[in-house]
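Every number in my numbering is 23 more than the matching position in the sequence shown, counting from 1. One structure is given here, and the rest of the page talks about it.
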Amino acid sequence: FWDKEVQKGVYSCPQCRQIFAPRPVVSKNIDLADVVERLQATRQCSSGPEYVECDSCTERKHKAIKSCLVCLASFCETHLQPHYKSPAFKKHKLVEASRRLQEQICSQHDKLLEVYCRTDQKCICMLCMLDEHKGHETVSAAGERTEKQKQLLEIQEKCKQKILEREKELQELRETVVTQKRSAQTAVQKTERIFTELKKSIEGRLSELTKLIRDQEKAVVNRAEDTIKELEKEIAKLKQRFAEMEELLHTEDSIQYLQSFESVSNPVRPSNLPTKTSHPIVTFENVIKCVSQLKVKVEEYSKTEFQKILGVNITARTPTGTPEKGNNFQ
């Protein structure tokens, strides 16, 4: 069986479906051997001699070797001797030891069933043949057994062929299961890899967008912080000039007042600062809007394409190799 798998390099057990690589060393199939042993035991049991106890033994029951259809009893070798030696038992019919003696006796006439009525399809005795089965198609039981044996052999041969067919179907179906599992596993692995790559791609775009936002944030913040420093310096100078003016206002010496007025009254040289409008607040609203729109489009596209995937028709192949259109993949 595994010789077919050589080119694939992967070997699957037809019993447990486990996949091996490389090819393992095979051992005895325990389950199959158990089934064969049971069948052989059953066959031996059914075809082997039946163990019947002697009806005449009083203490220890010995094995009976013959049953008498007249006495309706079974006898061991010792108790069977009268049937061989005594003239009174000369007409008694001996058969192989059996527990089913009563079934071989006509319940109506207490005679041995040795004729088969084909009309009524039942075993009868000689008196039945002359009485209620008179005019029916009858043959000896042994003759009918020969005919039935031929029929049974033909039926058995057909049964054997059916077993072989079913075993072949079973093996092919097991191979199909292994192939199906391998195919599904491959599909899952490839799908996971594709989605992982897609996830990495989206994460890459997210990193690019995050960097763009952070770079723009840094540029705006740096400009604003430079302006803050200049404003702080100018405010410090203005406060110093304000203090000088306050001090001069309270000076009583007119000469000192006039001498200091020019320097104190001159305006502080303003810093070269940009106007307020040159520091607009960047809210990134457009970025958020674009990303939201992208999300909606991706979800819609993903939903549409996924529905197409779910609607793909899988072309199944029967074990005989004939294409068979399967159900939708759902």
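Think of the CB as a built atom: it goes at the ideal place given N, C-alpha and C, for glycine as much as any other residue. This structure is a prediction, so every number in the text was calculated from the model and none was measured.
Cutting at 7 Å between CB atoms, please list the residues of its own chain near ILE332, excluding the five before and the five after it.
Position 309 of the sequence shown, counted from the start, is the residue given in the question as residue 332. Result list for ILE332: empty, nothing under 7 Å.
Would you kindly work out how many angstroms separate the C-alpha atoms of TYR139 and GLN127, rounded to a whole number?
Numbered from 1 along the sequence shown, position 116 holds the residue referred to as residue 139. Numbered from 1 along the sequence shown, position 104 holds the residue referred to as residue 127. Approximately 12 Å, taken between the alpha carbons.
So, does the stretch 240–256 touch the stretch 285–292, judging by three or more C-beta pairs under 8 Å?
Taking one beta carbon from each stretch, the stretch 240–256 and the stretch 285–292 have fewer than 3 pairs nearer than 8 Å; the two do not touch.
Outcome for LEU281 when other beta-carbon atoms lying within 10 angstroms are tallied against a minimum of 16:
Residue numbering aside, residue 281 sits at position 258 when the sequence shown is read from its first letter. By the neighbour-count rule (16 or more Cβ atoms within 10 Å), LEU281 is not buried but exposed.
Please list the terminal residues of the continuous beta strand (DSSP E) segment that includes GLU117.
Your numbering for residue 117 matches position 94 in the sequence shown. The amino acid at residue 117 is misidentified as Glu; the sequence shows Leu. For LEU117, the enclosing beta strand (DSSP E) has its first and last residue at 117–119.
Does the separation of the CB atoms of SER97 and VAL75 fall below 8 Å?
For this step, residue 97 is matched to residue 74 along the sequence shown. For this step, residue 75 is matched to residue 52 along the sequence shown. SER97 is a Cβ neighbour of VAL75, given a cutoff of 8 Å.
VAL162 - partner residues in DSSP beta bridges
As a position in the sequence shown, residue 162 is number 139, starting the count at 1. Answer by DSSP bridge pairing, in chain order: TYR139.
Would you list the residues sitting across from ILE128 in a DSSP beta bridge?
In the sequence shown, counting from the first residue as 1, residue 128 sits at position 105. Bridge partners of ILE128: LEU135.
Contacts around PHE307, its chain only, beta-carbon distance under 7 Å, and the 5 residues preceding and following it disregarded
The sequence position of residue 307 within the sequence shown is 284, counting from 1. Same-chain partners within the cutoff: ILE236.
Kindly identify the DSSP beta-bridge partner or partners of CYS91.
On the sequence shown, residue 91 is found 68 positions in, with the first residue counted as 1. Note: CYS91 sits in a beta bridge opposite ALA96 and LEU117.
Going by DSSP in three states, GLU188 sits in which element: helix, strand or coil?
By 1-based counting over the sequence shown, the position of residue 188 is 165. In the structure shown, GLU188 sits in a helix (DSSP, three-state: H, G or I).
At the level of alpha carbons, what is the spacing between SER286 and THR274?
The residue labelled residue 286 in the question sits at position 263 within the sequence shown. The residue labelled residue 274 in the question sits at position 251 within the sequence shown. Roughly 15 Å between the two C-alpha positions.
Consider the Cβ of THR233: report whether some Cβ of chain D lies at a distance smaller than 8 Å.
You won't find chain D in this structure, because it holds only one protein chain.
Between the Cα of CYS313 and those of GLN203, LEU229 and ILE278, spot the shortest distance and give me the residue it belongs to.
The residue given as residue 313 occupies position 290 in the sequence shown. If we check each option's Cα against that of CYS313, LEU229 comes out closest.
Closest Cα partner of THR101 within the set GLY166, LYS89 and CYS36:
Sequence index remark: in the sequence shown, residue 101 carries index 78 (1-based). Nearest to THR101 by alpha-carbon distance, out of GLY166, LYS89 and CYS36, is LYS89.
Nearest to LEU261 by CA position, among GLU231, SER294 and GLU192, is which residue?
Translated into the one-based positions of the sequence shown, residue 261 becomes position 238. Considering only alpha carbons, the answer is SER294.
Complete runs of the beta strand (DSSP E) confined to the stretch 247–295 [at least 3 residues]:
You should have found no qualifying run.
Assuming LEU136 and LYS116 are in contact, meaning their beta carbons sit under 8 Å apart, how far apart are those beta carbons, in whole angstroms?
In the sequence shown, residue 136 corresponds to position 113, counting from 1. In the sequence shown, residue 116 corresponds to position 93, counting from 1. Not a contact, Cβ separation roughly 11 Å.
Rounded C-alpha distance that separates VAL162 from LYS84
In the sequence shown, residue 162 corresponds to position 139, counting from 1. In the sequence shown, residue 84 corresponds to position 61, counting from 1. When rounded, the distance between both Cα atoms is 38 Å.
Other residues of its chain near HIS132: CB distance less than 7 Å, five sequence neighbours each side excluded:
What you label residue 132 is simply residue 109 of the sequence shown in a count that begins at 1. If we look at HIS132 and ignore the five residues flanking it on each side, its Cβ neighbours are CYS148, LEU150 and CYS151.
Exposed or buried, which one is CYS182 when buried takes at least 16 other CB atoms within 10 Å?
As a first step, residue 182 is located in the sequence shown; it is residue number 159 there, counting from the start. Residue environment analysis places CYS182 among the exposed positions, since fewer than 16 neighbouring C-beta atoms fall within 10 angstroms of its C-beta.
Bridge partner(s) assigned by DSSP for ILE147:
As a working note, residue 147 is residue 124 in the sequence shown. Its beta-bridge partners are VAL138.
Over the uninterrupted alpha helix (DSSP H) stretch that includes TYR324, give me the two end residues.
Position 301 of the sequence shown, counted from the first residue, corresponds to residue 324. Taken as a continuous stretch (DSSP letters only), the alpha helix (DSSP H) holding TYR324 covers 308–333.
Which class does GLU220 belong to by DSSP, given the choice of helix, strand or coil?
Within the sequence shown, residue 220 is the residue found at index 197, counting from 1. Note: GLU220 maps to helix in three-state DSSP.
If you drop the 5 nearest sequence neighbours on each side, which residues of the same chain put their C-beta closer than 6 Å to that of ASP78?
As a working note, residue 78 is residue 55 in the sequence shown. If the five residues before and after ASP78 are omitted, its C-beta is found closer than 6 Å to the C-beta atoms of ALA96 and SER97, all from its own chain and listed in chain order.
Confirm, please, whether the CB-CB distance from VAL243 to VAL305 is below 8 Å.
Here residue 305 refers to the residue found at position 282 of the sequence shown. Here residue 243 refers to the residue found at position 220 of the sequence shown. Annotated as proximal: VAL305 and VAL243, with beta-carbon spacing under 8 Å.
Grouping DSSP H, G and I as helix and E and B as strand, with all else coil, what is ILE42?
Position 19 of the sequence shown, counting from 1, holds the residue named residue 42. In the three-state reduction of the DSSP assignment, ILE42 falls in the strand class.
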